[in-house]
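Down below is the structure, laid out as structure tokens.
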Amino acid sequence: MRSKEFSVELQDRIVSRHRSGEGYQKMSAALKVPKNTVASIILKWKTFGTTKTLPRAGRRAKLHNRGRRALFREVIKNLMVTLTELRSSSVDMGEPSRRTTISAAFHQSGGSHSSVKGTRQLPKGTF
188 MRSKEFSVEL QDRIVSRHRS GEGYQKMSAA LKVPKNTVAS IILKWKTFGT
238 TKTLPRAGRR AKLHNRGRRA LFREVIKNLM VTLTELRSSS VDMGEPSRRT
288 TISAAFHQSG GSHSSVKGTR QLPKGTF
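Take any residue in the sequence shown, note its place counting from 1, add 187, and you have its number in my numbering.
Following this line, the structure appears as structure tokens:
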């Protein structure tokens with residue numbers, strides 16, 4: 188399990204103390220932060236020029252959780268809705284996506300095409 192990230196304010200204080208010439212050990216004692224953490228924060232600042240948390244590696248989801256939940260609500264309201272209708276409603280929500288993307292998201296969340304057609308109920312706990 189990863190530990191909690193330090194706040195940007197604390198990281199900025201560490202960087203400002205480093206720029207003023209204070210040593211790692213004095214900083215860690217004054218701010219009650221481990222010396223290795225002080226070193227890694229300063230290394231990150233030297234490398235990227237910022238103390239903000241940078242985005243992680245990996246592809247972003249085409250359909251975000253908010254849009255996915257909205258589509259599921261729409262399917263629950265009307266089990267006879269088609270993928271084309273779901274696509275047009277996702278475009279209205281500001282999440283343009285293809286029919287195949289919506290279908291894949293639906294399958295990954297435990298639904299199936301038959302539940303869109305209305306022949307089967309959604310499984311429990313799909314949200």
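All residues carry an ideal CB built from backbone N, CA and C; glycine is no exception.
Candidates the options, of which the one nearest residue i by Cα
| i | options | result |
| --- | --- | --- |
| residue 268 | 293, 246 and 248 | 293 |
| residue 261 | 243, 212, 240 and 289 | 289 |
| residue 194 | 282, 224, 273 and 272 | 224 |
| residue 199 | 211, 266, 208 and 229 | 229 |
| residue 210 | 243, 226 and 196 | 226 |
Neighbour-count burial assignment, residue i, 16 or more Cβ in a 10 Å radius
| i | result |
| --- | --- |
| residue 235 | exposed |
| residue 284 | buried |
| residue 255 | buried |
| residue 274 | buried |
Cα-Cα separation, residue i to residue j
| i | j | result |
| --- | --- | --- |
| residue 277 | residue 247 | 17 Å |
| residue 231 | residue 238 | 7 Å |
| residue 215 | residue 249 | 42 Å |
| residue 259 | residue 212 | 53 Å |
| residue 203 | residue 217 | 13 Å |
Spatial neighbours of residue i in its chain, beta-carbon cut-off 8 Å, leaving aside the 5 residues before and after
| i | result |
| --- | --- |
| residue 192 | 240 |
Nonlocal neighbours in the same chain, by C-beta distance under 7 Å from residue i, ignoring five residues either side
| i | result |
| --- | --- |
| residue 280 | 254 and 257 |
| residue 282 | 250, 251 and 254 |
| residue 270 | 286, 289, 290 and 303 |
| residue 207 | none |
Neighbour flag for residue i against chain D, beta carbons, 9 Å
| i | result |
| --- | --- |
| residue 200 | No chain D is part of this structure, which consists of one protein chain only. |
Cutoff 6 Å; reference residue i; Cβ partners in own chain excluding five residues on either side
| i | result |
| --- | --- |
| residue 315 | Outside the displayed span of the chain (188 to 314) sits residue 315, for which this structure offers no information. |
Which ranges does the alpha helix (DSSP H) cover as unbroken runs of at least 4 residues, wholly within the region 200-269, from first to last along the chain? 211-218, 222-235 and 252-264
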